[in-house]
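In the working numbering, the protein residues as written are 1 to 88.
Virtual Cβ for every residue (Gly too), placed ideally from N, Cα, C.
As the structure is a prediction and not an experimental result, all values here were calculated from the model.
In what follows, a structure is listed as structure tokens, so that the remarks can point back to it.
Laid out in structure tokens, this is it:
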């Protein structure tokens, strides 16, 4: 997500037209994978198409819908849901 000055948010609505966008922080979530903690049991792979042992098990973030099922089934803690803050 890129920073905005609010101009690209302007519309025809009289209530929002020409209003300034105030800076804010949005919590973005992602699945984090730690290869060292993974025991390659494969249970997460059965649940999720965004995971793969190819490319060392990294999550394809574009395919991930953040359901968290892989995190819940992982007994070793190799998969974690993490929040990253992004300032606008």
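- In the three-state reduction of the DSSP assignment, residue 35 falls in the helix class.
- When rounded, the separation of the alpha-carbon atoms in residue 77 and residue 30 is 15 Å.
- Beta bridge pairing from DSSP links residue 83 with 29.
- Cβ-Cβ distances below 7 Å link residue 34 to 78 in the same chain, with the five nearest sequence neighbours on each side left out; the list follows chain order.
- If you draw a 10 Å sphere on the C-beta of residue 41, you find fewer than 16 other C-beta atoms in it, and that means exposed.
- Taking C-beta atoms as the reference points, residue 70 and residue 44 count as a pair closer than 8 Å.
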